[in-house]
Ligand SMILES: [Zn+2]
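Numbering (full-length UniProt numbering), first residue to last: 1 to 334.
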């Protein structure tokens with residue numbers, strides 16, 4: 001298949017060693033190396049790298065970056081609110097909500113009437129802690145494809161959390177250790193648990209606590225939280241829910257919490273392979289990325305004629321879109 005349909009995109013975007021580069025705008029989107037000017041879609045470390053000369057992002061993303069990496073993690077910060085167009089050289093840049101974490105933004109780039117949307121990571125499932133994904137009509141949509149396989153059709157997040165609420169009733173003597181990433185997933189789950197009626201204080205790891213402070217500062221209520229002390233003792237007699245980042249695995253959890261149940265929360269727990277790799281007492285299939293059907297729905301809603309796939313497999317999406325009105329290629333083919 002020829003890639004001539006990429007010509008209008010190639011006039012605007014280039015895949016460089018530093019990352020995705022907008023030629024007429026002279027800026028990068030989520031660059032992987034230090035650059036003079038970066039637009040950052042959201043605060044996750046694989047998108048929000050430090051050391052750029054100038055970072056343009058939503059005020060929320062800037063606050064998250066500064067809370068996690070220090071106030072001077074970029075030479076200069078340029079906040080841009082959702083929906084406010086900004087002209088950078090000859091490119092009109094607008095940020096639109098991506099529904100992924102607080103402040104996450106799709107970067108809308110318009111040059112000579114051709115519109116490209118780079119959403120970074122996005123999700124479509126309910127999350128009371130951030131503005132929901134807003135479909136933007138465009139010529140070219142650069143989709144992530146973390147779950148870009150038809151087998152990833154994930155259950156409703158409310159159904160999964162109901163399992164945790166049931167476990168809290170069945171095992172009241174256990175601390176439920178919810179393993180969730182410090183930025184985004186942790187706050188989404190805390191807020192959704194509050195919606196399900198959980199009012200008890202929730203114990204959180206210091207890295208989760210720091211991010212929750214940023215969310216609270218932007219008006220996102222987390223309910224009563226308790227910061228896990230540096231040297232916790234079991235005499236504290238912890239109960240209920242403790243939110244910990246998953247990286248540490250189950251190491252030391254017995255020492256920390258005594259009688260406990262580990263609760264995983266990941267889209268990868270949808271498959272038996274994922275469940276084997278991430279052993280936990282209660283696996284919840286909850287993701288902060290769009291699943292397969294949400295990817296297809298989102299592509300349709302953007303009315304894009306060209307889709308570029310990144311952060312995941314592109315073969316299944318290419319097959320699904322083949323023969324239709326949408327041309328599809330991997331971002332690496334740009
Ligand atoms: Zn992310």
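The beta-carbon is built from N, C-alpha and C at its ideal position, and this holds for glycine as well.
message = Just to confirm my understanding: we take residue 235, look at its own chain, exclude 5 residues before and 5 after, and list those with CB closer than 8 Å. What are they?
response = Interpretation of residue 235 is limited by its pLDDT of 44, a score under 50 that renders its predicted location unreliable; the figure taken from the coordinates is listed afterwards. If we look at residue 235 and ignore the five residues flanking it on each side, it has no Cβ neighbours.
query = Can you tell me the Cα-Cα spacing of residue 94 and residue 169, whole angstroms?
reply = 46 Å
Limits of the beta strand (DSSP E) - the one that residue 330 falls within = 327 to 330
ask   = Between the region 156 to 165 and the region 288 to 300, are three or more C-beta pairs nearer than 8 Å?
value = no
task = Go ahead and label residue 49 buried or exposed: buried means 16 or more other beta carbons lie within 10 angstroms of its beta carbon, across all protein chains shown.
result = buried
message = I'd like to confirm the pairing. Which residues does DSSP put opposite residue 107 in its beta bridges?
response = 95 and 118
request  = Let me know the secondary structure DSSP gives residue 227 once reduced to three states.
outcome  = strand
Best match in 327, 331 and 332 for proximity to residue 4 [C-alpha to C-alpha] = 327
request  = Go through the residues and name those whose CB comes closer than 5 Å to any heavy atom of ligand 1, in chain order.
outcome  = 44 and 121
ask   = Got a sec? Which residues, its chain only, sit under 7 Å from residue 283 by beta carbon, not counting five neighbours each side?
value = 264, 269 and 275
key: Contact belief for residue 27 with residue 88 at Cβ below 8 Å, rounded distance in angstroms   = 6 Å
Beta-ladder partner(s) of residue 176, from DSSP = 241 and 261
request  = Kindly identify the DSSP beta-bridge partner or partners of residue 193.
outcome  = Answer is none; residue 193 lacks a bridge partner.
request  = Return yes when the Cβ of residue 314 is within less than 9 Å of the Cβ of residue 127, no when it is not.
outcome  = no
task = Would you mind giving the Cβ-Cβ distance between residue 177 and residue 262, rounded to the nearest angstrom? I have them listed as a contact below 8 Å.
result = 5 Å
request  = Throw me the rounded Cβ distance for the residue 104 and residue 130 pair, which I believe falls under 8 Å.
outcome  = 6 Å
key: For residue 28, the residue or residues it bridges with in DSSP   = 21 and 38
request  = Please go through the same chain and pick out, in chain order, the residues whose beta-carbon is closer than 7 Å to the beta-carbon of residue 18, but skip the five residues on each side of it.
outcome  = 28, 31, 32, 33 and 35
message = I'd like to know whether the C-beta atoms of residue 56 and residue 118 end up nearer to each other than 9 Å.
response = no
task = Verify whether the separation of the beta carbon atoms of residue 252 and residue 175 is less than 9 Å.
result = no
task = Inspect the beta-carbon positions of residue 45 and residue 310 and report whether they are closer than 9 Å.
result = no
ask   = Helix, strand or coil for residue 186 per DSSP?
value = helix
query = Any idea what DSSP makes of residue 336, helix, strand or coil?
reply = Only positions 1 to 334 of the chain appear in this structure, which leaves residue 336 out of reach.
task = Evaluate residue 272 with the Cβ neighbour count: other Cβ atoms within 10 Å of its Cβ, from every protein chain shown; 16 or more gives buried, anything less gives exposed.
result = exposed
query = When the distance is taken between beta carbons, is residue 52 closer than 9 Å to residue 68?
reply = no
query = Where does residue 334 fall in DSSP's three states?
reply = coil
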